[in-house]
Each structure stands twice: as C-alpha cells, then as structure tokens.
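Scroll down for the structure; my scribbles are underneath it.
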Amino acid sequence: MNDTPAVPRYAVPSTARAIVAIAALTWRRAIRGRAPWVTGVLALLPLLYASLTYRYSHRVDAMFMRGVFGIVMLTLTISPAMNVASSLGEELEERTSAYLWSRPLARWTIVAGKLVALAPMVAFGAIVGLVLAHVGSDGNVPPVQVLAAVGIAALAFCVAAAAVATIAPKNGMTLAICYALFIDLALSALPISLRNISISYHASSIAGMSVNSVSSGLIGITCIVTVWGAIGLWRIRNIE
Amino acid sequence: MKPIIEVTDCSKWYGQVLGCASINWKFGSDERTRGTAASTGNIVGLLGPNGAGKSTLMKMIVGLSTPSRGTVRLFGEDPFHNPAPRQRLGYAPEHEKTYDELTALELVSFLARLSGVPTNQAIAAAKTALDRMGMSEHIGRPIKGFSKGMRQRTKLASAIVHQPDLLILDEPLTGVDPMARIDIIDRIKRLAADGTSVVISSHVLYEIEALTTDIVVIYRGQVLAEGNIYDIRRLIDKHPHRIRVECDRPRVVAAAAASADHITRIAFERDAVVLETRNPDACYDLLGQTIVREQLHVTALTSPDNNLSAVFDYLTSGGAA
Amino acid sequence: MSAPETNITPTAPAPTRSTAAIYDLGYKRYVGNRVAASARWRVIMRNQLSTAWKGWWRLKFPLGTALMISLVAGAVMYVSSNKLFNAIASKGMGLKFSDGIVPFSMTFFARAGFIFSLTVGASVIASDAQSGGFTFYFARPVRPIDYVLGKFAGLLLATSLIMMAGPLFLAAERLGLAETTSELIDLLPVLGKAAIAGLAGALLYAALPLGFSALANKRRTALALWAGAYLIAGSICSGIGLLTNTPLGALDPPTAITSLTFHLFDVEWKGRSAMVPMPYAIGAILMYVVIGLGLAWWRVNNSRSTGVGGAP
Numbered sequence: 001m002n003d004t005p006a007v008p009r010y011a012v013p014s015t016a017r018a019i020v021a022i023a024a025l026t027w028r029r030a031i032r033g034r035a036p037w038v039t040g041v042l043a044l045l046p047l048l049y050a051s052l053t054y055r056y057s058h059r060v061d062a063m064f065m066r067g068v069f070g071i072v073m074l075t076l077t078i079s080p081a082m083n084v085a086s087s088l089g090e091e092l093e094e095r096t097s098a099y100l101w102s103r104p105l106a107r108w109t110i111v112a113g114k115l116v117a118l119a120p121m122v123a124f125g126a127i128v129g130l131v132l133a134h135v136g137s138d139g140n141v142p143p144v145q146v147l148a149a150v151g152i153a154a155l156a157f158c159v160a161a162a163a164v165a166t167i168a169p170k171n172g173m174t175l176a177i178c179y180a181l182f183i184d185l186a187l188s189a190l191p192i193s194l195r196n197i198s199i200s201y202h203a204s205s206i207a208g209m210s211v212n213s214v215s216s217g218l219i220g221i222t223c224i225v226t227v228w229g230a231i232g233l234w235r236i237r238n239i240e
Numbered sequence: 241m242k243p244i245i246e247v248t249d250c251s252k253w254y255g256q257v258l259g260c261a262s263i264n265w266k267f268g269s270d271e272r273t274r275g276t277a278a279s280t281g282n283i284v285g286l287l288g289p290n291g292a293g294k295s296t297l298m299k300m301i302v303g304l305s306t307p308s309r310g311t312v313r314l315f316g317e318d319p320f321h322n323p324a325p326r327q328r329l330g331y332a333p334e335h336e337k338t339y340d341e342l343t344a345l346e347l348v349s350f351l352a353r354l355s356g357v358p359t360n361q362a363i364a365a366a367k368t369a370l371d372r373m374g375m376s377e378h379i380g381r382p383i384k385g386f387s388k389g390m391r392q393r394t395k396l397a398s399a400i401v402h403q404p405d406l407l408i409l410d411e412p413l414t415g416v417d418p419m420a421r422i423d424i425i426d427r428i429k430r431l432a433a434d435g436t437s438v439v440i441s442s443h444v445l446y447e448i449e450a451l452t453t454d455i456v457v458i459y460r461g462q463v464l465a466e467g468n469i470y471d472i473r474r475l476i477d478k479h480p481h482r483i484r485v486e487c488d489r490p491r492v493v494a495a496a497a498a499s500a501d502h503i504t505r506i507a508f509e510r511d512a513v514v515l516e517t518r519n520p521d522a523c524y525d526l527l528g529q530t531i532v533r534e535q536l537h538v539t540a541l542t543s544p545d546n547n548l549s550a551v552f553d554y555l556t557s558g559g560a561a
Numbered sequence: 562m563s564a565p566e567t568n569i570t571p572t573a574p575a576p577t578r579s580t581a582a583i584y585d586l587g588y589k590r591y592v593g594n595r596v597a598a599s600a601r602w603r604v605i606m607r608n609q610l611s612t613a614w615k616g617w618w619r620l621k622f623p624l625g626t627a628l629m630i631s632l633v634a635g636a637v638m639y640v641s642s643n644k645l646f647n648a649i650a651s652k653g654m655g656l657k658f659s660d661g662i663v664p665f666s667m668t669f670f671a672r673a674g675f676i677f678s679l680t681v682g683a684s685v686i687a688s689d690a691q692s693g694g695f696t697f698y699f700a701r702p703v704r705p706i707d708y709v710l711g712k713f714a715g716l717l718l719a720t721s722l723i724m725m726a727g728p729l730f731l732a733a734e735r736l737g738l739a740e741t742t743s744e745l746i747d748l749l750p751v752l753g754k755a756a757i758a759g760l761a762g763a764l765l766y767a768a769l770p771l772g773f774s775a776l777a778n779k780r781r782t783a784l785a786l787w788a789g790a791y792l793i794a795g796s797i798c799s800g801i802g803l804l805t806n807t808p809l810g811a812l813d814p815p816t817a818i819t820s821l822t823f824h825l826f827d828v829e830w831k832g833r834s835a836m837v838p839m840p841y842a843i844g845a846i847l848m849y850v851v852i853g854l855g856l857a858w859w860r861v862n863n864s865r866s867t868g869v870g871g872a873p
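Protein chains in written order, with the working numbering: chain A, 1 to 240; chain B, 241 to 561; chain C, 562 to 873.
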C-alpha cells in the first residue's frame, strides 16, 4: 500500500468559475420556467399606462415622466422578488443547495451566481419597459440618466431581494414584495430624512427627479446595497 | 494514519431537538491510493431508525451544517468553512428534489464543473457516470419525468462524476423497486471494489446487510455500536447465541449439549434442536465432536440470530450488555 | 335452494371452553358516523385555516399588521376626540376628525389584506397543484365545489379577522367615546357600516387572490401575477380613472373598497385615486368575487377531470 495521501483527480474550481457555472444553471432553469414571461408582461405594463395617459392628456411633462417612472418602479417591487428572492428561497427551502454546497465552493457563490444570472434580466426588463412606455406613447427615448437610474435601482432591489430570501427562504418572495412596496416605496414618498434608506428615493435622485443630486443618489444606493449585501452574505454563511 | 472522517465529541441541537449527542467516530484512512484497497471493506453502513440522527451526522460530515459542540474533520479539515476537502467527496442527499427543469446529462455535467472537472471534459465525465449508474438511455430526458429509481441513479451519478475518494450516500435506495435495488447495490459494491470509500445510511436492514458487514448503529442521536456485525453480535452478552441443528437424531445433540455449562437453553423443533449458548466457539466445537462421534446425519446448521436484524433488535431494545 | 344436510359423527371429544383469546389490533374499517358529503367543505375550510395559522409569516404577520393599525388608529381616535382637532368636510356637514378615522383606516386594512393575499391567498391552488395536493382531495369523495367552497370559506374567515375585526374595534371605540347617550344612539349605525365595509373587503381579498392562485401551477408565478395585477394594473386603472374622471378606478381593488367605505360613512376623500360612485364600487367588488370564485372552480374542475396528479 502506498503511504502517500490520495490526491483529487481535479483541481478545486476557481470562485469565478463556480459563479459562472451557477449563473449558467440559474439562467437555464429560468428560461425553462415562466418567470421571463411574467417579467416580460410586467415590462409591458408601463407601456399600457403611458399610452393611455398620453392619449387623454397629450402632454409629456415632468408629471408624465414621473408617472411612468413610478409605474416602472412599481414593477420593480415584483420582478426582483419573483426572480431573485423566489429562486434563492426555493433553492434553500427545497434543499437543492445541498448539491452545490457539497461541492468545493464557497457558500456565497450561490448568491453571487443567482445575481449574475437574474439581476441583469430584471434590469433589462425594467429598462425595456421604460423605453417601450415612452416610445409607445410620445415617441421619444427617455434620457440615459433615467434609464441608468432604473437599471441601478433594479440591481439594488435584486440584492435586497436576495438578502430577504436568505432571511426567510420560504416566504422570500412575499417578504421582498412587502419590503419594496410598504417600506422602500412608502418611505420614498415621505418628506422625512428616513427616506434616505429607500432605494426608490435614491433612484429618483439619480434620474434627476428629486431635490438630491445624482452623486448623493449613487452614494445612497451604494450604501443600501452594501448593507443588504452584508446581511445576505452573513446569512448565507451561517444558514444550514 | 489520518482518518478520512473524524468526528470528535460531536453534538447537534435543532433548538430543543437533539440531532446527535457526543458522537465519536473515525472512518477510513487517507494514507492510501485509489485502487489499491480493492475490497468491499471500504463500505460502512450507518444504521438506525428514522430520526435517529444519521442524516444529521452525514450533513455535518459533508459540511452542510456545523456541530453545536465538538469537531468534524473530513480529510483532516473542517468541511463547513473550508471547501477544499469537499473536492474529494461525492454526496447524494436523502431528499428527492433536484433541478427538475434540467436533463440528467445537464445536471450531472453541471455538478461535474462545480467539482472542478474542466468544461471540455464535463460532458464526457457526466456520460460515463450516468452510464455507470445504468442511465445511459435516459441522459437527454428532463428529470421531472423520472421515476424515483431513475432519480436515485441520477443523484448517484452526480455524486461519482468527479471520481471522489469518499462517497456519502444518504438513503440511496429509498423508493427504489427491488430489481433496481439489487442493481444499485451491485454498482455501489463495484465502486467500493475500485477503491472508493463509501458511507451509506439506511433504516432498512437487509439493504445494509447486502452491502457490508461493517456498521455503525445510531439510535436516538448516539452511536450505539460500531464495527463488524459478527464482532458486535459477539459482544452482546445478554442475548445468548442461538444455533439450530437440523439432523436425524436431535435428541443425541441435546444430550451432548446438556452437560456443557455454556449452554443456557435447549429447545426442540421438528427434526431439529435449537441450542442457546454464551460461548459460540465452544458450542461449535462441541457440536463438531458430537456429530463425528455419533455419526449424525446433519442437514442444516444455522445461526438464526447472527444477522443484522437480530443485532439491531438487541441493541435498540436495550439488550446490549 | 336449501343447503344440503350433512351428518358428522364426532370422533373426538368436544374441546373444553378456552379462556385464551387473540385480539386483532390491526386495521379496522371505520364504521362510525361520517361527515355528510354536503358538509365536507367545512373540513377543507378548517384545514385551510389551520395551515394559514402555522408559522409566523402566513396569517400572524398580516394579522399583527392589522392589530397595529387598529391600535394606532384607536389611539389617534382617542386623542383626536378631545376636540383638539378641527372638523373635516363631510358633504358640507361638520364631522369630527375621529369620525373619519374608521373609514380612513380601511385604506390601511386593505394593505394588511393584500399582505395576507401574498402570504396565503394567492398561492392556495397553485401550491396544491405544485405539490400534488389535489390527489389527496380528489382521491376522496370531495367535489370541486367542496374544495373551492372550503378554501374560500377558510380564506374568508382569516381575511375577516384582518379586515373586519379592526374596523369593528374602531367603531366600538368610537361609540365608547360618545359624550352623550343621544350621540351614542346616533352613532350606532357606525357598527353596521364598519361590518359591511369589512365584509366587502374580506370577500374581495379572499376571492380574487384565490382566483389568481388558480392561474398558475407554480406558487411564485401565481404570486407574481396577482401582485402585478393588483399593484400595477390596479394603479393604471385608478390613475386613468383620475385623469379621465371616469369610474375606471373601480377596477382597482383598494379603490373599490375605500370608495364603498367612504360612501357608507358619508365621507368625501380624494387621495391618490378618486372615489368612484357607490354602484360602481359595489359592482366591481361583486364582479371580482364572481371572477375569483369562477376561476378557482374552473381550474379545479378542469384538474379533476384531466387527472388528479400534481404539477404537470
């Protein structure tokens, strides 16, 4: 018998490779389900709102822009919850995570992989929704600043939804919707300093629709994402 | 010699519920190369009723949960906080749920990539693993249409796809029909014969019995006994061993046995006598001498309680000395 | 046909009466009373209620929200009843601020109702479809109508706890704060109005999510469809209604409920959505209840007739 320890046949995969593999799996599962279709339907709803509003008012003013922006933000209370929170929650709740965590990869790669796969899809859906709403009503593409604000907000909501799902996997989707709707959106509408913990409020700053500057919006949203990200990573590190 | 698995004073609580209590257990030796230990001695069966703590112990070994107290080492390292030892591990969890949207080939090749198999080799490795588990005809089918047996085989394929040194199989035969069970048992034996160490759990005694004679009996979160089943049986003093002799003159055997002080009971059955002894070796010597001396025509000589079922019953009923 | 006669000669003495007995402790068919087929929906209702009660996030969370709303609104009502607050408009009549709290609180109870629809209501049938739960129901003598009635009744009871108990508590508090007996008598109808508004809300928030839960085989898809329809389609309807000054806002469930409540309490309100006329509000609520129950029945009946297995 040889006394040298056995060596594994293959090398431990790099973190980047593990994230890409999990993202590929998540993406493949997502496109075989109905989530992209529902995201697509959600992306069309702002168009419905904008075209009906434009038909009756025939005005493209700040109020119209805010209205369409608000409807897109409303879709962001659902889309990240349905895609990210639900996907991660199901993974943890149905214990399919056991297949991943019994492999040589860090626990947080599962969150990163899901975000890499799903957050761009959510952001893309929201941006397309906004573009369609404007093109379909007044015929103009909205300013890049507004599109960037929606994209950044979508990514931030995805991180928050992922963190919520690690806290309560079984009801991750529901709680992520409740958080986005009753806390984040509600706070953004209040004229109090507490609104600084709202992603929606900072998104409107980035879009140039609030009294705050773009940079303060970016800093604010970065802080919120960092806090949610830390919560999510801490939870995923300890979850069993 | 560094063991493959080393569990030291390990306890696990789920709130008020006790999963495992002060388990100490070592398994295997890491100082060997694959293929040189070609025997089924590489298999150990974790045996215990439902809820005994088998899955809890396995999850801690795999790194899916941490012990509330004590330590678990896999290939000498902490498996929960350190991904490296999981590189040499293949795990098939108990639950049936997998990624149902995928085909068997997609699932196994994806898990191969996560285990470090290069992307350009992952498909080939997955096909080989599925073929070894008798799934080559179904590799392109979505898992959601699979029977329980096919799901178990797919899980086993995903566990072996990266050719691990250690396989941990949590109830791999649950819900599998008898023919498939025999086939899967045979394939697990072949993996062990190729040098892979296997830890397999079950609450079905004959499944374990068909695979191995090395067992760890877990009951109410504790290790009740471990080692070779026959050695364990020998250690159970409260329950004398039963030896059934079927022959043409059972009364002659009984008369010879009656004078031996290690015989505790003699009972007659049709054309047979059943002896209960505290010293099986002495009893077998006595029987051999009697059969030769009296020229008996013996048609059967069996030990009805020298099996896993009897050992398990004795241990879990508190009968072990 | 008579049985053939046989003569048996005993060859051995008859056995003496034995005192031994073997008791079969195994399975015995149940021979007691059974619930009548027409009452089996009650079993499903009780099951629905008990499963909703399990865990913190299903019924207890929205119920806690409703309780908080009741307590906060109750405290505000108590403070405002000491004449520190001025009257607000009520069709030209003077109305104390505290009188407006009961109808105004309905906008918040509607939110609690929506949370309950997210945690339980909008996933009831989809969850059964996903887990193969239909098999457990329809392998027994349960009709689709029993299933739908049972689920609806269970949801209705739970939603009533959220949407009816709070307004009734506030109405009772308002009566308790009456300064004179004649004021108390004058205010008595408030109890009935709160009950009607709460019941309408409970009906809507039980039936419509149940209908949406029948639209998908996966829990998360059903939830997303319901949330999308409620939040976005509803907002679009109320926004367009406000813009065009038409009763289109009645198609927004919370607008329909709050409009009905404000009409019942004779209070004018203009928030993010305009009030819609009472007949439209009642019509929309009834329409949604019928649509919700109809969708649920259609889906369940369809599933039963095409096989009772789980998710396809």
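From the three backbone atoms N, C-alpha and C, an ideal C-beta is built for every residue, glycine too.
- Nearest neighbour of A:Leu132 by Cα position, chosen from A:Met121, A:Leu44, A:Cys178, A:Asp184, turns out to be A:Leu44.
- Excluding the 5 residues flanking it on each side, C:Ser799 has same chain C-beta neighbours closer than 6 Å at Gly810, Asp813, Thr816, Ser834, in chain order.
- Cβ neighbours of C:Trp858 within its own chain (closer than 8 Å, five residues either side excluded): Pro705, Ile706, Val709.
- For the set A:Phe157, A:Thr53, A:Thr174, A:Val122, the Cα lying nearest the Cα of A:Val38 is the one of A:Val122.
- For the pair A:Lys114 and B:Asn322, the Cα-to-Cα distance works out to about 22 Å.
- Listed as beta-bridge partners of B:Ala540 by DSSP are B:Glu486.
- Close to C:Lys779, with beta-carbon spacing below 8 Å, are these residues of chain A in chain order: Gly33, Arg34.
- The CB of B:Tyr446 never comes closer than 8 Å to any CB in chain A; the least such distance is about 27 Å.
- For the segment 142-158 of chain A, no residue has a beta-carbon sitting nearer than 9 Å to a beta-carbon of chain C.
- With the criterion set as a beta carbon lying under 7 Å from some beta carbon of chain B, the segment 53-79 of chain A has no members that meet it.
- From the beta-carbon of A:Pro191, no residue of chain B is found nearer than 8 Å; the closest lies around 44 Å away.
- With its beta carbon less than 9 Å from one in chain B, A:Ala11 belongs to the interface.
- Between A:Met173 and chain C, the shortest Cβ-Cβ separation is below 9 Å.
- Boundaries for C:Glu744: no beta strand (DSSP E) harbours it, while the alpha helix (DSSP H) harbouring it runs 742-748, taken from the DSSP string.
- Annotation: the continuous beta strand (DSSP E) that includes B:Trp265 extends over 257-267.
- Taken atom to atom, the span from the alpha-carbon of C:Leu760 to that of C:Val640 is near 28 Å.
- Spatial neighbours of A:Gly229 in its own chain (CB-CB distance under 6 Å, excluding positions within 5 residues in sequence) are listed in chain order as Val159.
- Going by DSSP, B:Gln462 is part of the beta strand (DSSP E) stretching over 462-468.
- Taken through DSSP and simplified to helix, strand or coil, C:Val709 comes out as helix.
- By the neighbour-count criterion, in which a residue is buried when 16 or more other Cβ atoms sit within 10 angstroms of its Cβ, C:Tyr591 is exposed.
- Within its own chain, the residues whose Cβ lies closer than 8 Å to the Cβ of C:Arg865, once the five positions on either side in sequence are excluded, are Phe695, Phe699, Pro705, listed in chain order.
- Of all residues in the segment 99-111 of chain A, those with a C-beta nearer than 8 Å to a C-beta of chain B are Tyr99, Leu100, Trp101, Ser102, Arg103, Pro104, Leu105, Ala106, reading in chain order.
- Only those residues of the segment 654-683 of chain C whose C-beta falls short of 8 Å from the nearest C-beta of chain A are listed: Arg672, Ile676, Leu679, Thr680.
- Within the segment 614-628 of chain C, the residues whose Cβ lies closer than 7 Å to any Cβ of chain A are, in chain order, Trp618.
- Per DSSP, C:Ser864 is one residue of the alpha helix (DSSP H) stretching across 839-866.
- Sequence-distant Cβ neighbours of A:Ala106 in its own chain, meaning closer than 8 Å and more than five residues away, are Thr15, Ala18.
- Along the segment 392-477 of chain B, the beta strand (DSSP E) occurs as fully enclosed runs of 3 or more residues at 406-410, 437-442, 454-459, 462-468, listed in sequence order.
- Neighbours of A:Ala18 in chain B, taken as residues whose beta carbon is under 8 Å from its own, are Leu354 in chain order.
- At the C-beta level, B:His537 and B:Thr517 stay beyond 9 Å of one another.
- In this structure, DSSP gives A:His202 a helical state, which the three-state scheme calls helix.
- A straight-line Cα-Cα distance of about 47 Å links A:Ser205 and B:Asn360.
- In the displayed model, B:Asp545 falls within coil according to three-state DSSP, outside both helix and strand.
- Taking 9 Å as the Cβ-Cβ cut-off, the segment 785-803 of chain C approaches chain A at Ala785, Leu786, Ala788, Gly789, Leu792, Ile793, Ala794, Ser796, Ile797, Gly800, Ile801, given in chain order.
- For chain A, the residues of the segment 354-380 of chain B that bring a beta carbon within less than 8 Å of one of its beta carbons are Leu354, Ser355, Gly356, Val357, Pro358, in chain order.
- Identification of chain A residues near C:Thr805 by a Cβ-Cβ cut-off of 7 Å yields Tyr56, ordered along the chain.
- Going by beta carbons, B:Ala397 and B:Met373 fall inside the 9 Å limit.
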